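If you're matching positions, the sequence shown starts at 218 in this note's numbering and goes up one per residue. Beta carbons are placed, not taken as given, at the ideal position from N, Cα and C, and that holds for glycine. Small disclaimer: the values here were computed from a predicted structure and weren't measured. Here is the structure we will look at, set down as structure tokens.
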Amino acid sequence: MPSKVFMNPDSKIYVAGHNGMAGSAIVRNLHTKKYTNLILKNRQELDLTRQADVEQFFSVEKPEYVFLAAAKVGGILANHTYPADFIFQNLTIQTHILNSAYRHGVKRLLFLGSSCIYPKECPQPMKEQHLLSGYLEPTNEPYAIAKIAGVKMCEAYNRQYGTQFLSVMPTNLYGEGDNFDLQTSHVLPALVRKFHEGREQNTPVTIWGTGRPQRELLYIDDCAEACVFLMNLPAGLYSQLLIHEAGPVINVGTGEGLTIGELVEKIMQIVGFEGQVKWDTTKPDGTMKKVLDVSRLKELGWRPNVSLKDGIQKTYNWYQQHHNGMQAIEARTASIC
């Protein structure tokens, strides 16, 4: 594993989306590594969908390194319900940040994408060069198109302007700070909440689909560690990532999958749910198999540290500590709408 880090302890580092699950994990990782000059702005301080505001921010702050973790994310239901929001907000956020990063001389930028950019019928495991080789999964197409545009924008700016923009494609992420709202969450946090409430209320739990789709899951702190690891690669190794045949893209994950049914069994055991499980097969499964080829990242010397069992336990512990506050927020939101 490369030992020399690229960023200095006092380098100016901007983490876009630092209050989100991925961004907050990156901030935790940087703090652990004693980086002291982080630039963090919430939505009230900086609206990333407004080009003038983003340009002004970069002009004043002049960050040297950028982790672009700001995004609108959600599961199948959220993507189906808010397709315009998913494509508009993600396109505008990444476009404004990438262009301003170029204009103001950012040394390196990591753009966090998603494994959903790969085709619906993608060969397994999914390699970086499979990008744009087929049709997308319809249930998250607007989000995927926005992320693909971000990947291609990184590639175009690198080629035309010599920027050092790298696109990181994480697999399905979960963990501390996750979204447990049943209307907008991804599969693992939704299952954690459903089984917790099912146990507390002694009621059956209904799950969308057949349980047959296979997913790969990565604990969020492992993703953050991979991002900081990649940002700190020596110049030669980092430059090689930018000229890969697929473009400046690298997969981040475990390379291992399990079915939703298997995931359900693991969560039930950890939560302590012993009630009835009902499968609603009238609801969509989504892509039947999504597992990344992470051989390039492994060749660089990186491996995840958190097992799925430990990750689910950590996630459930965090949920139990915070779910009363989250429910209060949801109640206030519902009363306003």
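Check your understanding: Does DSSP classify D502 as helix, strand or coil?
Key -> coil
Point to revise | Residues near L265 in its chain [Cβ-Cβ closer than 7 Å; skip 5 each side] | key: A233, V271, A287, I310, H313, I314
Check your understanding: With C-beta atoms as the reference, is S241 less than 8 Å away from F328?
Key -> no
Exercise for review: Return the residue from the list N254, F305, E358, G237 that minimises the CA-CA distance to H297.
Suggested key: Residue E358 is the option with its Cα nearest to H297.
**Study point:** Nearest-angstrom Cβ-Cβ length linking D510 and M343, presumed shorter than 8 Å
**Key:** For a cut-off of 8 Å, the C-beta gap from D510 to M343 is around 6 Å, short enough to register as a contact.
Point to revise | Integer Cβ distance of V445 from N246, believed to fall under 8 Å | key: 5 Å
Review point. So what's M386 in DSSP terms, helix, strand or just coil?
Key: strand
Exercise for review: List the endpoints of the continuous alpha helix (DSSP H) containing D439.
Suggested key: 437-448
Point to revise | Limits of the beta strand (DSSP E) - the one that R325 falls within | key: First-last of the beta strand (DSSP E) with R325: 325-329.
Practice item. For A361, name the three-state secondary structure that DSSP assigns. Key: helix
Exercise for review: Would you kindly check if the distance between the Cβ of V488 and the Cβ of H413 is under 8 Å?
Suggested key: With respect to V488, H413 sits close: the two C-beta atoms are nearer than 8 Å.
Check your understanding: What residue range is occupied by the uninterrupted alpha helix (DSSP H) comprising K337?
Key -> Per DSSP, K337 belongs to no alpha helix (DSSP H) and is neither H nor E.
Practice item. Please report the residue range of the alpha helix (DSSP H) in which V422 lies. Key: Where V422 is concerned, there is no enclosing alpha helix (DSSP H), although the beta strand (DSSP E) it sits in stretches over 422-425.
Review point. For the alpha helix (DSSP H) that V244 lies in, which residues bound it at each end?
Key: In the DSSP assignment, V244 falls within the alpha helix (DSSP H) that extends over 238-249.
Exercise for review: Find the nearest neighbour of H321 within the set D227, G330, L263, Y282, judged by alpha-carbon distance.
Suggested key: Y282
Exercise for review: Evaluate contact between the stretch 424-441 and the stretch 491-503, counting only Cβ atoms and requiring at least three cross-stretch pairs below 8 Å.
Suggested key: Using a C-beta cut-off of 8 Å, the stretch 424-441 makes contact with the stretch 491-503, since at least three inter-stretch Cβ pairs fall below that distance.
Check your understanding: In the DSSP assignment, what residue or residues form a beta bridge with Q431?
Key -> T476, K506
Review point. Taking the alpha-carbon positions, what's the F303 to D502 distance?
Key: 20 Å
Review point. Once you ignore the five residues that flank A361 on each side, which residues in its own chain have a CB closer than 6 Å to its CB?
Key: C333, I334, L353
Practice item. Measure the C-alpha to C-alpha separation of K507 and L408 and round it to an integer number of angstroms. Key: 18 Å
Check your understanding: So does the stretch 513-529 actually touch the stretch 467-485, counting three or more Cβ pairs closer than 8 Å?
Key -> yes
Review point. Using CA coordinates, which residue listed in P521, I460, T388 is at the minimum distance from V404?
Key: T388
Check your understanding: Helix, strand or coil for Y378 per DSSP?
Key -> helix
Review point. Looking at C-alpha atoms only, which residue of S456, L348, K250, E442 is the closest neighbour of R520?
Key: Among S456, L348, K250, E442, the Cα nearest to that of R520 is on E442.
Check your understanding: Where does E417 land, buried or exposed, given buried means 16+ other C-beta within 10 angstroms?
Key -> Counting of Cβ neighbours within 10 angstroms places E417 among the exposed residues, the total staying below 16.
Exercise for review: Could you check which residue in D398, T380, P336, P355 has the C-alpha nearest to that of L349?
Suggested key: P336
Point to revise | CB contact flag (E433, G470, <8 Å) | key: yes
Practice item. Tell me where the alpha helix (DSSP H) around N396 begins and ends. Key: Note, N396: premise wrong, no alpha helix (DSSP H); not H, not E.
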